[in-house]
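Inspection log for the structure reproduced underneath, given as structure tokens.
Residue numbers (the working numbering): 489 to 785.
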């Protein structure tokens with residue numbers, strides 16, 4: 489864990505300015521992609537080779553919340569995660585590689601709300617870092633039905649991805665704003681190499697628009713987040729691990745970056761992430777490549 493926190497501290501020295509999220513005292517960095525080095529969203533993670541190792545979050549830094557595992561068994565499940573952003577397109581980028589000894593993705597066609605009930609990769613965003621409850625409102629909390637729908641995912645959002653899927657639908661947003669997982673607000677690529685219900689590796693690659701306030705009516709009523717170097721945002725990532733084809737509703741394990749439960753409902757249980765400046769070496773490489781391209785124009 490120290491290697492990631494140290495890398496972040498060296499970038500801007502802003503770890504102490506982050507609000508208290510989880511794990512306490514930890515701030516993870518979001519890599520800044522230069523315009524000409526932005527990854528192609530196709531599930532091939534070789535574009536991420538330029539991202540320094542310190543930006544990766546391995547399963548060793550995650551917490552398992554259901555099976556009582558105190559450390560990962562790489563023969564059972566392994567993964568890493570990296571985040572990026574770009575100044576020009578104002579998008580959040582996510583890349584993840586996973587290995588699972590039993591890759592189970594049995595969601596019935598058309599049952600998109602069951603995306604989470606299988607081996608999946610979950611993304612949660614609280615871009616204004618405000619925390620608090622963001623989903624699962626009761627009629628006692630918000631009596632008016634329409635106001636309750638508006639509150640669902642308004643100040644923080646939850647998404648899930650799974651691959652492959654029988655109906656070709658690979659992502660869902662757990663609120664009423666179904667358009668957020670459609671172009672141009674969402675772009676994703678995936679690969680799977682292995683055997684369904686057996687061992688395999690999966691890659692997830694996402695480029696997404698993020699929101700300070702999401703109104704499910706549409707983007708014109710919503711407030712897109714504007715990334716700023718040095719800011720702290722709230723993010724959280726989880727991996728569901730199901731291993732029994734005969735009992736596909738039973739979790740085998742659940743790995744989460746924040747080490748917290750109920751992150752599907754409470755955004756203060758997310759992690760602190762630093763929107764990092766350009767890495768010095770990457771900035772030089774980007775400028776050099778720009779000059780080379782200009783010489784051919």
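Even glycine gets a Cβ: it sits at the ideal position worked out from N, Cα and C.
Quick caveat, the model's predicted, so the values are computed rather than measured.
Taking a contact to mean a Cβ-Cβ separation below 8 Å, would you say residue i touches residue j in this structure?
i           : j           : result
residue 648 : residue 610 : yes
residue 629 : residue 699 : no
residue 555 : residue 519 : no
residue 597 : residue 654 : yes
residue 728 : residue 607 : yes
residue 563 : residue 547 : no
residue 679 : residue 669 : no
residue 579 : residue 695 : yes
residue 676 : residue 693 : yes
residue 624 : residue 737 : no
By a C-beta neighbour count over all protein chains shown, 10 Å radius and 16 as the cutoff for buried, is residue i buried or exposed?
i           : result
residue 501 : Residue confidence for residue 501 is low, a pLDDT of 37 falling below 50, so the modelled location carries little weight; the figure read from the coordinates is stated next. With fewer than 16 other Cβ atoms within 10 Å, it is exposed.
residue 517 : buried
residue 558 : exposed
residue 541 : exposed
residue 760 : buried
residue 545 : buried
residue 787 : Since the displayed the chain opens at 489 and closes at 785, residue 787 lies outside it and no answer follows.
residue 697 : buried
residue 708 : exposed
residue 627 : exposed
residue 768 : exposed
residue 634 : exposed
Need the endpoints of the beta strand (DSSP E) that residue i sits in, please.
i           : result
residue 716 : No beta strand (DSSP E) holds residue 716; DSSP gives it neither H nor E.
residue 740 : 739-744
residue 726 : 720-730
residue 590 : It is not in any beta strand (DSSP E) - residue 590 carries neither H nor E in the DSSP assignment.
residue 604 : Unbroken run through residue 604: none, as it is neither H nor E.
residue 543 : From DSSP, residue 543 is part of no beta strand (DSSP E); its letter is neither H nor E.
residue 596 : Element bounds for residue 596: n/a, residue is neither H nor E.
residue 528 : Neither: residue 528 is in no beta strand (DSSP E) and is coded neither H nor E.
residue 518 : 515-520
The alpha helix (DSSP H) that contains residue i, what's its start and end?
i           : result
residue 634 : 633-639
Could you check how far apart the C-beta atoms of residue i and residue j are, in whole angstroms? I think they sit under 8 Å.
i           : j           : result
residue 720 : residue 638 : The pair is not a contact, with the Cβ atoms about 26 Å apart (cut-off 8 Å).
residue 590 : residue 731 : 4 Å
residue 485 : residue 511 : Outside the shown range of the chain (489 to 785) lies residue 485, about which nothing can therefore be said.
residue 749 : residue 553 : 6 Å
residue 588 : residue 688 : 7 Å
residue 733 : residue 685 : 5 Å
residue 612 : residue 660 : Not really, about 13 Å apart at Cβ, beyond 8 Å.
residue 725 : residue 745 : 5 Å
Any chance the CB of residue i is under 7 Å from a heavy atom of the ligand FMN?
i           : result
residue 586 : Questions concerning the ligand FMN fall outside what the structure shown contains, since it holds no ligand whatsoever.
Identify every run of the beta strand (DSSP E) within the stretch 663-703, keeping only runs that are complete inside it and at least 3 residues long; order them along the chain. 674-682, 688-696 and 699-701
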